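For the numbering used here, add 1 to where a residue sits in the sequence shown, where the first one is 1.
We treat Cβ as the ideally placed atom computed from N, Cα and C, and that holds for glycine.
Please read these numbers as outputs of a predicted model, since none were measured by experiment.
Note sheet for the following structure.
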Amino acid sequence: MRVQKIPALQQTYTGYAAKLILEDGSIFDGVGFGYPSEIAGEVVFNTGMVGYTETLTDPSYRGQILCMTYPLVGNYGVPSFDAKDEYGLPKFFESDGIQVKALLIHDLSDVASHWSCTKTLDQWLYEEKIPGICGIDTRELTKKLRVNGVMMGAVAVSQNVIDESRLKKALAVAKYEGLNFMPEVSTSGPKEYGDKDKDCIIVLDTGVKYSIIRNIMRTGYRVVRLPWDASYDDIMSYSPKGVVISNGPGDPKVCTSTIKTASKLINTSTPTLGICLGNQILALAGGANTYKLKFGHRGQNKPCIDKRNDQVYVTSQNHGYGIDPKSLGKTGFKVWFANADDNTVEGIEHKNKPIIAVQFHPEASPGPYDCMYVFDRFKEIIATGVKSELASAKAPRAKKSSKKKTKKKGGRKGAKR
């Protein structure tokens with residue numbers, strides 16, 4: 002297998018032996034790329050066609066082995082991390098490094114060609130010490146996960162013959178459920194973004210993506226990013242206009258400190274926006290319950306229905322847990338969005354407090370921008386102080402053409418008038 006030749010970059014291990022073993026005993030043999038190592042984690046799949054640099058750096062994937070269902074990956078390479086946007090944030094990445102434990106794909110592109118490409122996917126994984134396997138039947142693997150649910154798996158990439166017994170032992174002791182990944186993905190201290198003379202929004206960092214910070218800044222605020230276990234008093238010391246509880250990995254129930262803080266935000270009617278994990282944390286803080294989905298929602302084409310007007314949006318999603326709608330009864334929350342495929346809860350809003358949350362990713366990256374208006378709705382809620390259901394911000398609709406329609410003369414012979 003060929004690798005694009007880029008000067009001054011260390012040679013990688015493409016072509017080595019590689020193996021995936023699942024907890025049900027299934028074994029997938031393939032060709033290794035990236036960094037030679039052995040790891041174990043929860044195996045999940047993503048149905049997106051593009052955006053692998055953003056996907057691999059999404060902190061919500063912490064602790065997981067990711068299978069990409071699109072067959073060809075790596076064809077446009079990896080851009081430079083030094084490329085920044087107008088806010089000083091990385092343009093093509095969602096965190097400071099790859100978050101997945103391993104990558105599983107069907108076909109690794111022989112060449113990487115794009116104006117922004119500085120290295121191959123293979124080389125990037127090697128630099129980040131992440132193993133990858135190509136040449137496996139990702140369709141069979143995905144169908145297995147859909148039927149049986151996500152499961153633990155172990156990956157090995159090696160120059161030598163892989164010891165299956167050792168890999169099975171590593172798999173036997175591996176776990177994902179109940180682990181708290183927050184110390185690994187959250188900031189260790191306050192970080193500020195934007196002009197100090199602007200109003201402040203606090204981001205409670207449970208694994209925030211850079212694009213969430215970018216979109217808060219887009220709406221005119223500066224951002225102060227605080228650790229996941231920051232207290233209510235820590236937040237209020239900045240006199241913020243509102244709080245955003247971010248996306249992140251794992252079971253929301255292990256985030257006890259964040260849930261406690263979110264409960265105080267609800268009780269004090271602090272304008273709050275929850276995204277992905279933040280949606281689940283707000284639900285738990287209000288007294289609702291969450292549960293693990295069979296195989297989760299991970300992709301860029303997930304349809305969601307806005308229950309206020311029955312309008313459907315195509316959303317980007319990455320979550321393995323959901324909110325039990327039956328548990329919302331006495332919480333003060335109601336369903337805002339529902340998934341059009343399986344009717345799971347994709348967003349909630351408080352009935353009489355300035356608090357809203359979505360399970361999908363309104364910032365996309367990667368994915369469609371249909372729901373970026375969620376950030377604008379949050380800004381309007383902050384500005385007006387009205388109840389969330391009364392805020393009028395809506396997604397922009399396509400403008401009607403100002404040209405008058407003209408009837409064509411004549412018509413198809415025999416056509417009915």
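Backbone CA spacing between N1 and Y53 [nearest angstrom]:
Here the chain has residues from 2 to 418 only, and residue 1 is not among them.
Taking Q301 as part of the beta strand (DSSP E), name the residues at either end of that continuous run.
Here residue 301 refers to the residue found at position 300 of the sequence shown. T291 to D307 is the extent of the beta strand (DSSP E) around Q301.
F93: first and last residue of the uninterrupted alpha helix (DSSP H) it sits in
Here the question's residue 93 lines up with position 92 in the sequence shown. Neither: F93 is in no alpha helix (DSSP H) and is coded neither H nor E.
Just to confirm my understanding: we take F361, look at its own chain, exclude 5 residues before and 5 after, and list those with CB closer than 7 Å. What are they?
In the sequence shown, the residue the question calls residue 361 occupies position 360. These residues qualify, in order along the chain: K303, C305, T316, S317, Q318, E347 and C372.
Take every Cβ of the segment 92 to 105, pair it with every Cβ of the segment 58 to 74, and state whether three or more of those distances are shorter than 8 Å.
yes
Give the range of the beta strand (DSSP E) segment to which N319 is assigned.
For the purposes of this step, residue 319 is taken as residue 318 along the sequence shown, with counting starting at 1. Q312 to I324 is the extent of the beta strand (DSSP E) around N319.
Report, in whole angstroms, the separation of the C-beta atoms of S328 and A289, which I expect to be a contact under 8 Å.
Taking the sequence shown and counting its residues from 1, the one referred to as residue 328 is at position 327. Taking the sequence shown and counting its residues from 1, the one referred to as residue 289 is at position 288. The Cβ separation is near 4 Å, so the contact holds.
Name the two residues that bound the continuous beta strand (DSSP E) containing S17.
Working through the sequence shown from its first residue, we reach residue 17 at position 16. It is Tyr, not Ser, that sits at residue 17 in the sequence shown. Start and end: Y17 to L23.
Can you grab the Cα-Cα spacing for the pair R219 / C135, in whole Å?
Stepping through the sequence shown from its first residue, residue 219 is reached at position 218. Stepping through the sequence shown from its first residue, residue 135 is reached at position 134. Looking at the two C-alpha atoms, the distance is approximately 39 Å.
Using CA coordinates, which residue listed in L73, S117 and G75 is at the minimum distance from F93?
Translated into positions along the sequence shown, residue 93 becomes position 92. The candidate whose alpha carbon is nearest that of F93 is S117.
Under a three-way DSSP split, which group does D235 fall into?
Indexing the sequence shown from 1 puts residue 235 at position 234. The answer is helix: DSSP assigns D235 an H, G or I state.
So who's on the other strand from D342, going by DSSP bridges?
As a working note, residue 342 is residue 341 in the sequence shown. None; D342 has no bridge partner.
Whole angstroms are fine: how far does the CA of S159 sit from the CA of L274?
Here residue 274 refers to the residue found at position 273 when the sequence shown is read from its first residue. Here residue 159 refers to the residue found at position 158 when the sequence shown is read from its first residue. Whole-angstrom Cα-Cα distance: 45 Å.
Using three-state DSSP, classify F334 as helix, strand or coil.
Here residue 334 corresponds to residue number 333 of the sequence shown, with the count starting at 1. DSSP places F334 in strand when its eight states are reduced to three.
For R378, the first and last residue of its enclosing alpha helix (DSSP H)
For the purposes of this step, residue 378 is identified with residue 377 of the sequence shown, where counting begins at 1. Y374 to T385 is the span of the alpha helix (DSSP H), which, as asked, contains R378.
For I163 versus G31, is the C-beta spacing smaller than 9 Å?
Position 162 of the sequence shown holds residue 163. Position 30 of the sequence shown holds residue 31. No. Outside cutoff.
Check whether the Cβ atoms of P91 and N248 sit closer than 9 Å, and answer yes or no.
Your numbering for residue 91 matches position 90 in the sequence shown. Your numbering for residue 248 matches position 247 in the sequence shown. The answer is no: Cβ separation not under 9 Å.
Rounding to the nearest angstrom, what Cα-Cα distance links S240 and L266 in this structure?
For the purposes of this step, residue 240 is identified with residue 239 of the sequence shown, where counting begins at 1. For the purposes of this step, residue 266 is identified with residue 265 of the sequence shown, where counting begins at 1. Rounded to whole angstroms, S240 to L266 spans 13 Å at the Cα level.
For D234 and P420, the rounded distance between their alpha carbons
It is not possible to answer for residue 420, since the shown part of the chain is limited to 2 through 418.
Ordered along the chain, which non-local residues of its own chain (more than five positions away) have a Cβ less than 8 Å from that of M50?
As a working note, residue 50 is residue 49 in the sequence shown. Excluding sequence neighbours, M50 sits near Y71 and Q301.
Taking the alpha helix (DSSP H) that E141 belongs to, which residues open and close that run?
Residue 141 sits at position 140 when you count from the first residue of the sequence shown. Where E141 is concerned, the enclosing alpha helix (DSSP H) stretches over T139 to N149.
Are the Cβ atoms of P191 and I40 separated by less than 9 Å?
Counted from its first residue, the sequence shown places residue 191 at position 190. Counted from its first residue, the sequence shown places residue 40 at position 39. Not a contact, by the Cβ cut-off of 9 Å.
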